[in-house]
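Residue numbers (our numbering): 1 to 409.
Structural data, given as structure tokens:
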């Protein structure tokens, strides 16, 4: 018992030292509180944030802004998962009153996904501060885009308090979304993994898609694109219930799209969300062997068995493969996902996991993939290499566009 208490004390002290130590990177909120807020003295502020909106010492952005004498924080806006991060994926978020500050909280993931003129009444500046995972299907960036539109329409300045990329900062991978498949999990034609901070992406949205908001980005200090999140010295706050660690962002980009089908388990419902691919009918040894034979950069596959505790696969004895990332700067998550999909189709063609057995979830997969061409190509027997080659021209064009909006080396 004493040993356990000693270990707990050591872990607590280590965590405390990590928080108290000066991080390499100061996020935008730190810079704003330290000095940039002086540019907004006398203004009334609305804040879009959630549980990830914290200073480098883990003070909530809500509390940090509320404690300022000026500008005055007057309204809060909550995205998917809610302003305190307690709502399940896809669950509607309700308007409420914030218990700590007494401020009104308006939902941007319920009846309204775009702030209405009534919500913005009395606001001079709309601030956005949310940690993202650099995945096209994550809804926060579209909450940001819709809020930018609303700010432009109501002549309100829009300010992004910038944050690091969860993955390697120069990782750009995947197909560019076909506008015919635009949705709230893919609003604009950007790649599946786009390699931009929220502030950089806001600039791209504003210019390339003609939002024309009065946009200001409060830059981080100490950040560069060669970093991964763990290099920043900042503490990771889960961006949603199934992204408990910054590394999970890599796995989500490698399996999340196929997870939309609900015909194979990707580890959601087990202890390794997005790190597994399996089902009762999968031979995990055969799948891992097939994928390892492809010599994909930065990843190794281990055969495994697991039984999810919840989700659609609750209680199933799943056999499959675990993804083990061996080189984050070499790893191409979306290309890896294409290889996993084609490998399952090759080994288990009778499973129907991409066909009619997926039912209405086919549409969800296509929205997440940003196209229906990938699914069709796999069913037509095209190789992963052929599918990946098919989107390289669009991806390369995006990479050139991206360069114009980068704020960090």
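We put the beta carbon where it would ideally sit given N, CA and C, even for glycine.
It should be emphasised that the depicted structure is a prediction, and the values quoted were computed from it without experimental measurement.
1. By DSSP's criteria, residue 300 is part of a beta bridge. Which residues make up the other side?
2. Using beta-carbon positions only, say whether residue 250 and residue 167 come within less than 8 Å of one another.
3. For residue 243, which option in 297, 188 and 256 has the closest C-alpha, if you only look at C-alpha atoms?
4. Just the C-alpha distance for residue 74 and residue 247, rounded to the nearest angstrom, thanks.
5. Answer with buried or exposed for residue 310, where buried requires no fewer than 16 other C-beta atoms within 10 angstroms of its C-beta.
6. I'd like the span of the alpha helix (DSSP H) that includes residue 77, first residue to last.
7. According to DSSP, what are the bridge partners of residue 48?
8. Within the continuous beta strand (DSSP E) that includes residue 158, where are the two ends?
9. Output the boundary residues of the alpha helix (DSSP H) element that contains residue 108.
10. Buried or exposed: residue 9, going by 16 or more other Cβ atoms within 10 Å of its Cβ?
11. Thinking residue 191 and residue 140 are a contact (beta carbons under 8 Å), I'd like their distance in whole angstroms, please.
12. Under the rule that 16 or more other beta-carbon atoms within 10 Å means buried, what is residue 155, buried or exposed?
13. Just to check my reading of the structure: residue 98 and residue 76 have Cβ atoms closer than 8 Å, yes? What is that Cβ distance to the nearest angstrom?
14. Taking Cβ positions, are residue 233 and residue 278 nearer each other than 8 Å?
15. Whose C-beta lies closer than 7 Å to the C-beta of residue 40 among residues of the same chain, with five residues either side of it excluded?
16. Which residues in the same chain have their Cβ closer than 7 Å to the Cβ of residue 353, if we skip the five residues on either side of it in sequence?
17. Judging by CA-CA distance, which residue of 171, 131, 179 and 348 is the nearest neighbour of residue 329?
18. Who are residue 216's beta bridge partners in DSSP?
19. Around the Cβ of residue 202, are there at least 16 other Cβ atoms within 10 angstroms (buried) or fewer (exposed)?
20. For the candidate residues 384, 375, 25 and 215, whose alpha-carbon lies nearest to that of residue 148?
21. Have a look at residue 430 and residue 136 and give me their C-alpha separation to the nearest angstrom.
22. How about residue 347 and residue 286: do their beta carbons lie closer than 8 Å?
23. Going along the chain, which unbroken runs of the beta strand (DSSP E) with 3 or more residues stay wholly within the region 157 to 215?
24. For the beta strand (DSSP E) that residue 268 lies in, which residues bound it at each end?
25. Buried or exposed for residue 11, going by 16 or more other Cβ atoms inside 10 Å?
Straight from the coordinates:
1. Here the question's residue 300 lines up with position 300 in the chain shown. Looking at the DSSP output, residue 300 bridges to 324.
2. Within the chain shown, numbered from 1, the residue matching residue 250 stands at position 250. Within the chain shown, numbered from 1, the residue matching residue 167 stands at position 167. Contact flag set, yes.
3. By 1-based counting over the chain shown, the position of residue 243 is 243. Here the closest residue by C-alpha is 256.
4. Along the chain shown, one-based indexing puts residue 74 at 74. Along the chain shown, one-based indexing puts residue 247 at 247. Going from the Cα of residue 74 to the Cα of residue 247 covers about 35 Å.
5. Position 310 of the chain shown holds residue 310. Residue 310 counts as exposed, since fewer than 16 other C-beta atoms from the protein chains shown sit within 10 angstroms of its C-beta.
6. Working through the chain shown from its first residue, we reach residue 77 at position 77. Unbroken run through residue 77 is the beta strand (DSSP E), 72 to 78; no alpha helix (DSSP H).
7. Stepping through the chain shown from its first residue, residue 48 is reached at position 48. In DSSP, residue 48 forms a bridge with 77 and 128.
8. Residue numbering aside, residue 158 sits at position 158 when the chain shown is read from its first letter. Residue 158 -> beta strand (DSSP E) spans 157 to 161.
9. As a working note, residue 108 is residue 108 in the chain shown. It is not in any alpha helix (DSSP H) - residue 108 carries neither H nor E in the DSSP assignment.
10. For the purposes of this step, residue 9 is identified with residue 9 of the chain shown, where counting begins at 1. Bear in mind that a pLDDT of 37 at residue 9, under 50, signals an unreliable position, so the number given afterwards is only what the model happens to contain. The residue in question, residue 9, is exposed, as its Cβ has fewer than 16 Cβ neighbours within 10 Å.
11. Along the chain shown, one-based indexing puts residue 191 at 191. Along the chain shown, one-based indexing puts residue 140 at 140. Under the criterion of beta carbons closer than 8 Å, residue 191 and residue 140 do not qualify as touching, at roughly 17 Å.
12. For this step, residue 155 is matched to residue 155 along the chain shown. Exposed.
13. Within the chain shown, numbered from 1, the residue matching residue 98 stands at position 98. Within the chain shown, numbered from 1, the residue matching residue 76 stands at position 76. Confirmed, Cβ separation roughly 6 Å.
14. In the chain shown, counting from the first residue as 1, residue 233 sits at position 233. In the chain shown, counting from the first residue as 1, residue 278 sits at position 278. With contacts defined by Cβ atoms closer than 8 Å, residue 233 and residue 278 do not form a contacting pair.
15. As a working note, residue 40 is residue 40 in the chain shown. Closer than 7 Å at Cβ, skipping near neighbours: 71 and 125.
16. Position 353 of the chain shown, counting from 1, holds the residue named residue 353. The residues are 261, 263, 264 and 344.
17. In the chain shown, the residue the question calls residue 329 occupies position 329. When only C-alpha atoms are compared, the closest one is 171.
18. Here residue 216 is taken as the residue at index 216 of the chain shown, counted from 1. In DSSP, residue 216 forms a bridge with 159.
19. Residue 202 sits at position 202 when you count from the first residue of the chain shown. The residue is buried, with at least 16 neighbouring Cβ atoms inside 10 Å.
20. In the chain shown, the residue the question calls residue 148 occupies position 148. Residue 148 has its Cα closest to that of 215, out of 384, 375, 25 and 215.
21. As shown, the chain starts at 1 and ends at 409. That puts residue 430 outside it, with no answer to give.
22. If you number the chain shown from 1, residue 347 lands on position 347. If you number the chain shown from 1, residue 286 lands on position 286. For residue 347 and residue 286, yes; Cβs fall inside 8 Å.
23. If we require 3 residues or more, the beta strand (DSSP E) runs fully inside the region 157 to 215 come out as 157 to 161, 173 to 176 and 191 to 193.
24. For this step, residue 268 is matched to residue 268 along the chain shown. Looking at the DSSP string, residue 268 is not in any beta strand (DSSP E), and its letter there is neither H nor E.
25. In the chain shown, residue 11 corresponds to position 11, counting from 1. With a pLDDT of only 39 at residue 11, under the threshold of 50, the placement of this residue in the model should not be trusted; the figure read from the coordinates follows. Burial call: exposed.
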